[in-house]
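Below: the structure, in structure tokens.
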Amino acid sequence: MVEEKKLPDLPNVEIGKVVMRLAPSPSGPLHIGHARMAILNDEYVKRYKGKLILRIEDTNPANILPEAYKMIEDDLKWLEVDYQEVVIQSDRFELYYDVMEKLIMMEKAYVSTTPTEIFKAKRQQSIAINERNDPAESNLRRWDKMLNGEFKKGEAYAVIKTDLTHPNPAIRDFIAFRIIETPHPLKGNKYRVYPMMNFSVATDDHFLGLTHVIRGKDHLANTEKQKYIFNYFGWSLPFYLHYGKVSIENSILKTSIIKKGIANGEFKGWDDPRLGTLLAMKKRGINPKAIRRYWVETGIGDVDIKFSWENLYAFNKHIIDPESPRHFFVLNPVKLELILEGIIKVKMPVYPKKEDTPFREYEIRKGQVYITQEDYNKFIGKEIRLKDLGNFKLEEGKLQYIDNDLSKIKQGIPIIHWLQSDFVDFEIVKPDGTIDKGILEKHALNYIGKVNQLERYGYTNILNEKLGYYTHP
RNA sequence: GCUCCGGUGGUGUAGUCCGGUCAAGCAUAUCGGCCUUUCGAGCCGACGACACGGGUCCAAAUCCCGUCCGGAGCACCA
3 MVEEKKLPDL PNVEIGKVVM RLAPSPSGPL HIGHARMAIL NDEYVKRYKG
53 KLILRIEDTN PANILPEAYK MIEDDLKWLE VDYQEVVIQS DRFELYYDVM
103 EKLIMMEKAY VSTTPTEIFK AKRQQSIAIN ERNDPAESNL RRWDKMLNGE
153 FKKGEAYAVI KTDLTHPNPA IRDFIAFRII ETPHPLKGNK YRVYPMMNFS
203 VATDDHFLGL THVIRGKDHL ANTEKQKYIF NYFGWSLPFY LHYGKVSIEN
253 SILKTSIIKK GIANGEFKGW DDPRLGTLLA MKKRGINPKA IRRYWVETGI
303 GDVDIKFSWE NLYAFNKHII DPESPRHFFV LNPVKLELIL EGIIKVKMPV
353 YPKKEDTPFR EYEIRKGQVY ITQEDYNKFI GKEIRLKDLG NFKLEEGKLQ
403 YIDNDLSKIK QGIPIIHWLQ SDFVDFEIVK PDGTIDKGIL EKHALNYIGK
453 VNQLERYGYT NILNEKLGYY THP
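Numbering-wise, our numbering puts 464 at position 462 of the first sequence, and it's gapless, one number per residue.
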């Protein structure tokens, strides 16, 4: 195994004092992109013996999948990401309200009933709406009315002042609270004034004592907004690091699309092999250590990258190959007549590289034999070797025994896999959702739940006696 | 449109802050060889990149300017 790359050190580190966080929203299970965030944070916290907080950001009830709270924890556990504390943002409304009230009193925030279209248009032109210049008392009064339910959804919202003349319009005054009447899966109708992400994140990052924040570049502008809150209170800033955008091809990641697809039966579930979810990776037999190595090697650069399935597969192969039992799977089998004298005893290792490997032992006699349609078409009329059995002449509908001269291997005789008996009908789901059908050596069923190397076919996670998921070539 | 961020081989990354040791390292992919009763693994080798154009300098992947290209934000999403 080659030496693995390491992540660069973080600045301002004090061993044992580092606090970092994972901040997923519970809209669905985690996917391969989330894994980057989780693994990078986990790697650093482990290196610096710090604390990792799982903070579930559930401040938008419209976007919550109730099962996701648990799914996220399961996914992280599978990834071997260790967090020491779980914080649910919907448990912290009182804190958010309290912080907001202080900001209003400091005249760093205001509460508006101006239609947001006007607010946005004026902000674009660096013009303040009326309420921005109101004294704290007026804004506080409106804030109380907001909390008391005197405004309906859309009638009022609370805003953090930044700098209306900021050259970047994305940084100017931003909304911190809005009214939501949709019940929250955990809190029901207890709250109707919900913080926006920039507000709750800044508040929590401070009160949870974060020292370092690692997240995607898409949060660059959010970080700038959040800094205003830090500065108003004089809180010390964590060290921020933003990594680049990842584009993942040949995979579906958007929870909204997945939910729809599951509902209409297009996808089998959250672990459908076409999805980029960690559940799908797990089902396919991708080892979590391969995912970790992939993201560690990719590092924390701020350049935008394309996710490479090829590289992930290569890492996975290194990890699983030594532990993958070898078996035969004959895809699209062709039944041939096997012609030979007497009985040939074959003994094939399950783990060819291990000294204490178990074996698959068979007594082969004349009768039937199966090889793949592809091999049949390719080698008809030629002499081939049935692996571990002997050399045969392949003719139409039959295989005629010639000899067991092993020196022919050196000369380059094609070696193919085969099955005579002791097999089961088997289906393998490919990453594109299609299904390969064939027959699987029965012995492989002793290794259900493991990734098997089906020789000359590919690595496959054997799920049960009828079905497997293709891992990769 | 406005504002940010970035561009090293097919892919990912090291080097860029503090210019020379970088005619650019590593991984993966591809190709070839060895080994192996798998088209797998392993070993060896080859191929292949500093986006473009100017400038500064004895010297630039590294600093400056421009161009092109990619990405992000300008949500009562996170």
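Even for Gly, the Cβ is constructed at its ideal location relative to N, Cα and C.
ask   = Below 8 Å, can you find three or more Cβ-Cβ pairs linking the stretch 135-146 to the stretch 107-118?
value = yes
- Do you know whose CA, among W311, V453, S202, lies nearest I321's CA? Indexing the first sequence from 1 puts residue 321 at position 319. A check of alpha carbon separations from I321 across W311, V453, S202 identifies V453 as the nearest.
Open item on the list: Whether or not the stretch 321-339 and the stretch 441-460 are in contact is what I'm after, with contact meaning three or more pairs of Cβ atoms, one per stretch, closer than 8 Å; do they touch?
Closed with: yes
- Query: Grouping DSSP H, G and I as helix and E and B as strand, with all else coil, what is N62?
  - Reply: In the first sequence, counting from the first residue as 1, residue 62 sits at position 60. N62 carries a coil assignment under DSSP once its states are collapsed to helix, strand and coil.
Who are the near neighbours of I41 in its chain, counting only those whose CB is closer than 6 Å to its CB and skipping five residues on each side?
As a working mapping, residue 41 is identified with position 39 in the first sequence. Excluding five sequence positions before and after I41, the CB atoms of its chain that fall closer than 6 Å to its own CB belong to R294, W297, given in chain order.
message: Within a Cβ cutoff of 8 Å, which residues of the same chain sit near E103, ignoring the five residues on either side of it in sequence?
response: One-based indexing of the first sequence puts residue 103 at position 101. Excluding sequence neighbours, E103 sits near L142, W145.
Which residues bound the alpha helix (DSSP H) around Q228? As a position in the first sequence, residue 228 is number 226, starting the count at 1. First-last of the alpha helix (DSSP H) with Q228: 222-235.
Run the CB neighbour count on L277, radius 10 Å, all protein chains shown included, and call it buried at 16 or more, exposed below. Taking the first residue of the first sequence as 1, we reach residue 277 at position 275. Answer is buried; the Cβ neighbour count reaches 16.
Fill in: Cut-off 7 Å between Cβ atoms - residues of its own chain near A158, not counting five sequence neighbours on either side
Within the first sequence, the letter at position 156 stands for residue 158. Cβ within range, chain order: V113, S114, T115, R144, M148, I181.
- Same chain, Cβ closer than 8 Å to V371, five either side skipped, listed in chain order: Residue mapping note: residue 371 aligns to position 369 of the first sequence, counting from 1. Result list for V371: K337, L338, E339, L340, L388, L401, W420, L421, Q422, in chain order.
Query raised in the report: For the 8 Å Cβ check, are there 3 or more pairs between the stretch 15-34 and the stretch 210-224?
Result: Output reads yes: the stretch 210-224 touches the stretch 15-34.
(request) Figure out for me which residue from Q126, K347, P13, S253 has the closest Cα to the Cα of P169. (result) Here the question's residue 169 lines up with position 167 in the first sequence. Considering only alpha carbons, the answer is Q126.
Taking just the CA atoms, how far does M199 sit from K261? Your numbering for residue 261 matches position 259 in the first sequence. Your numbering for residue 199 matches position 197 in the first sequence. Distance between the alpha carbons of K261 and M199: 23 Å.
Quiz prompt | Three-way DSSP call (helix, strand, coil) for E429 in this model | solution = In the first sequence, the residue the question calls residue 429 occupies position 427. Here E429 sits in strand by DSSP.
What is the DSSP secondary structure of K439, counted as helix, strand or coil? Start at 1 with the first residue of the first sequence, and residue 439 comes out as number 437. Strand, per DSSP.
For this session: Could you tell me which residues DSSP puts in a beta bridge with P197?
Result: Here the question's residue 197 lines up with position 195 in the first sequence. DSSP output for P197 lists F179 as bridge partner(s).
Query raised in the report: Expressed to the nearest angstrom, what Euclidean distance is found between the alpha-carbon atoms of L243 and K219?
Result: Stepping through the first sequence from its first residue, residue 243 is reached at position 241. Stepping through the first sequence from its first residue, residue 219 is reached at position 217. The alpha-carbon atoms of L243 and K219 are separated by roughly 8 Å.
- Task: Give me whichever residues DSSP pairs with E339 in a beta bridge.
- Result: The count along the first sequence starts at 1 and reaches residue 339 at position 337. Paired residue(s): Q370, K400.
Is the beta carbon of I386 less than 7 Å from the beta carbon of I366?
Position 384 of the first sequence, counted from the first residue, corresponds to residue 386. Position 364 of the first sequence, counted from the first residue, corresponds to residue 366. The answer is no: Cβ separation not under 7 Å.
Report task. Alpha carbon to alpha carbon, how far is V426 from E443? Give it in angstroms, no decimals. Result -> Within the first sequence, residue 443 is the residue found at index 441, counting from 1. Within the first sequence, residue 426 is the residue found at index 424, counting from 1. Distance between the alpha carbons of E443 and V426: 7 Å.
Between the CA atoms of H445 and I417 - distance to the nearest angstrom: Along the first sequence, one-based indexing puts residue 417 at 415. Along the first sequence, one-based indexing puts residue 445 at 443. Cα to Cα, the separation comes out at about 21 Å.
| said: Can you tell me which residues form a DSSP beta bridge with Y50? | reply: Stepping through the first sequence from its first residue, residue 50 is reached at position 48. Bridge partners of Y50: none, in fact.
Self-check item: CB of R57 within 7 Å of CB of A25, strictly
Solution: Against the first sequence, residue 57 aligns to sequence position 55. Against the first sequence, residue 25 aligns to sequence position 23. Cβ atoms of R57 and A25: closer than 7 Å.
Exercise. DSSP three-state call for G460: helix, strand or coil?
Worked result: On the first sequence, position 458 is the one that residue 460 refers to. Strand.
**Study point:** Within 7 Å, strictly: CB atoms of G28 and D77
**Key:** Counting from 1 along the first sequence, the entry for residue 28 is found at position 26. Counting from 1 along the first sequence, the entry for residue 77 is found at position 75. Per the sequence shown, residue 28 should be read as Pro rather than Gly. No, they are not a contact pair.
Do you know how far the Cα of R217 is from the Cα of W311?
As a working note, residue 311 is residue 309 in the first sequence. As a working note, residue 217 is residue 215 in the first sequence. Cα to Cα, the separation comes out at about 22 Å.
Note to self: Let's test the definition: count the other Cβ atoms within 10 Å of the Cβ of M108 and tell me whether it reaches 16, buried, or not, exposed.
What the structure shows: What you label residue 108 is simply residue 106 of the first sequence in a count that begins at 1. M108 comes out exposed.
Query - DSSP three-state assignment for N393, whether helix, strand or coil - result: By 1-based counting over the first sequence, the position of residue 393 is 391. The answer is strand: DSSP assigns N393 an E or B state.
With a Cβ-Cβ cutoff of 7 Å, do V352 and L391 count as a contact? Residue mapping note: residue 352 aligns to position 350 of the first sequence, counting from 1. Residue mapping note: residue 391 aligns to position 389 of the first sequence, counting from 1. Contact: no.
query = With 16 other CB atoms within 10 Å as the buried threshold, where does K72 fall?
reply = As a first step, residue 72 must be located in the first sequence, where it is residue number 70. Per the 10 Å Cβ criterion, exposed.
query: Which of the three DSSP states, helix, strand or coil, is assigned to L149?
result: Along the first sequence, read from residue 1 onward, the residue named residue 149 stands at position 147. In the structure shown, L149 sits in a helix (DSSP, three-state: H, G or I).
| What are the boundary residues of the beta strand (DSSP E) that includes L388? | Here residue 388 corresponds to residue number 386 of the first sequence, with the count starting at 1. Segment 385-388, the beta strand (DSSP E) holding L388.
Checklist line | Helix, strand or coil at R328 [DSSP, three-state] | finding: The residue labelled residue 328 in the question sits at position 326 within the first sequence. Strand, per DSSP.
H36 versus H221: straight-line alpha-carbon distance, rounded | Residue numbering aside, residue 36 sits at position 34 when the first sequence is read from its first letter. Residue numbering aside, residue 221 sits at position 219 when the first sequence is read from its first letter. Computed Cα separation, rounded: 14 Å.
Residues bridged to Y242 (per DSSP):
Translated into the one-based positions of the first sequence, residue 242 becomes position 240. In DSSP, Y242 forms a bridge with V215.
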